[in-house]
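Structure, as structure tokens:
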Amino acid sequence: MNSNSIQRFAVMRKLLFIAVISLVGLSACNTSPKEASYIVQVSLGGWNHADYPVERIISRLDSVSNLIPVEKVIIGWTLDKQLYRTLGDHLHSKGIDMLLWFPVFAETEDICDNSVAVDLWGQTPANYDLAAGEGFRFNCPSDPANASRLVDFYDREFSDCGFDGIFLDRIRTQSFVGGVSGILSCGCPICEERFFSQGVKLEDVRKEWESKGDAFFSVSGYSPKEGFVFTNPIASDFFMAKGHIVSSSVATIADSFRARGLEVGMDLYAPFMAPFVGQDYGVLSLHADFIKPMLYRKTNAPAGMGFEYDLLRKAIPGAEGYPDFKMDKDFLDSQLKAMDKYPCAKYPGIEINYREGVVPTSPEYVTESLDAVMDHRFEGAVLSWNIMEAPDTHIACLGKR
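Going by the numbering used here, the final residue of the sequence shown carries number 392, and the count climbs one at a time with no gaps.
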């Protein structure tokens, strides 16, 4: 190769290098939000009767799929195997996965014998609005028999129904719905031993609460990264141990299902409230294929962010350090930022169904929530919590983003 050829080759190589770098730069500068991917939920009611026939469910899901791209359907719970098989065949023909909506530490007394969760005084925490049929008890998260019965129940009733995965719900203790008693749980002998292995004596926690009262729960502040910082070291140790104990039990159950070839999703409280109910995102995200934090700003019922926070402040009015959170887009953004560091896929749950006085949503609210989720470039969103009750206007607006 002569000198002119060498020069031409060097110039061409330099131009090619510049072109490649330019393409990489253009790709890096493309910050437009990714296309939304949706998971929808179908609530069938209780174990013994499905609220909707399968033909109606299929018709509804087909109409929704015509408006937005549906990736997965979470459905449950009923014991009607044929409903699941028929629906699964239909969904799979369209390339949509079907996951069983499966309660873990509550709403299983009709199908399994369970040991019940108790507070630190050995009493069963109160239920929410039990007279109206809205309450449910929680079972001990540590009793291995509770876990094994649930997995055995899945194997017996659902393993041949065509599910691609399982969505674990009720993976927590009672919230402030049950007052302080619901939060200071579970205090059964099995849990007491597990707390002791974490360096926490429940007797010390009982005495500290009885001595300090509401001040036991006081905090020095809140940040999305650290959450609430408890001023009382015994309270701090208790909630750290509780998160590890409850979430490790959930992790064991999740691993059992993943070993069966099932995708595992998890229903979680919003990050700022999760420690009170024993949900440690750091532990759970390592054992889930995806998590669904319930970022419900409009829900005036359990799991609603504002609803649960109001219950906290009413239950412990003498506790200090709890800010006035506005359930606006900025606060939603703070909760989304709190999830950034966790390794599994994230599909935050946003309310899409409407119920007057309980879930007063609107197309504008739904769009605002979804835009916030997608600005964080998460994998998608779960349209919660029952697509069968969602107004068409709340769905159609998502397809126009």
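By construction, the Cβ of each residue, glycine as well, lies at the ideal position given by its N, Cα and C atoms.
The segment 71 to 86 and the segment 131 to 143 do not touch, with fewer than 3 CB-CB distances between them shorter than 8 Å. Ranked by how close their Cα comes to the Cα of T115, the residues I102, D104, N130 have N130 in first place. Here A310 carries a coil assignment [DSSP, helix/strand/coil]. Around the beta carbon of G371, a 10 Å sphere encloses 16 or more other beta carbons of the protein chains shown; the residue is thus reported as buried. Taking 8 Å as the cut-off, the beta carbon of F93 is found closer than this to the beta carbon of G67. By the CB criterion at 8 Å, A261 and M296 fall inside the cutoff. Short of 6 Å from the beta carbon of G153, and not among the five residues preceding or following it, lie these beta carbons of its own chain, in chain order: R76, G79. Within the segment 234 to 293, complete alpha helix (DSSP H) segments of at least 4 residues are found at 272 to 275, given in chain order. Taking every protein chain shown into account, the CB of K283 has 16 or more other CB atoms within 10 angstroms, so this residue is buried. Just so you know, the alpha carbons of V142 and I65 end up roughly 18 Å apart. If you draw a straight line from the Cα of G204 to the Cα of V237, it comes to about 24 Å.
Ranking G348, Y356, E342 by CA distance to the CA of Y29 puts E342 first. Beta-bridge partners assigned by DSSP to W92: F158.
S188 sits in a helix when the DSSP states are folded into three classes.
Inter-segment contact for the segment 219 to 236 and the segment 330 to 342 is absent: fewer than three beta-carbon pairs are separated by less than 8 Å.
Between V274 and A232, the gap from beta carbon to beta carbon reaches 8 Å or more.
The alpha-carbon separation between V373 and V33 amounts to approximately 11 Å.
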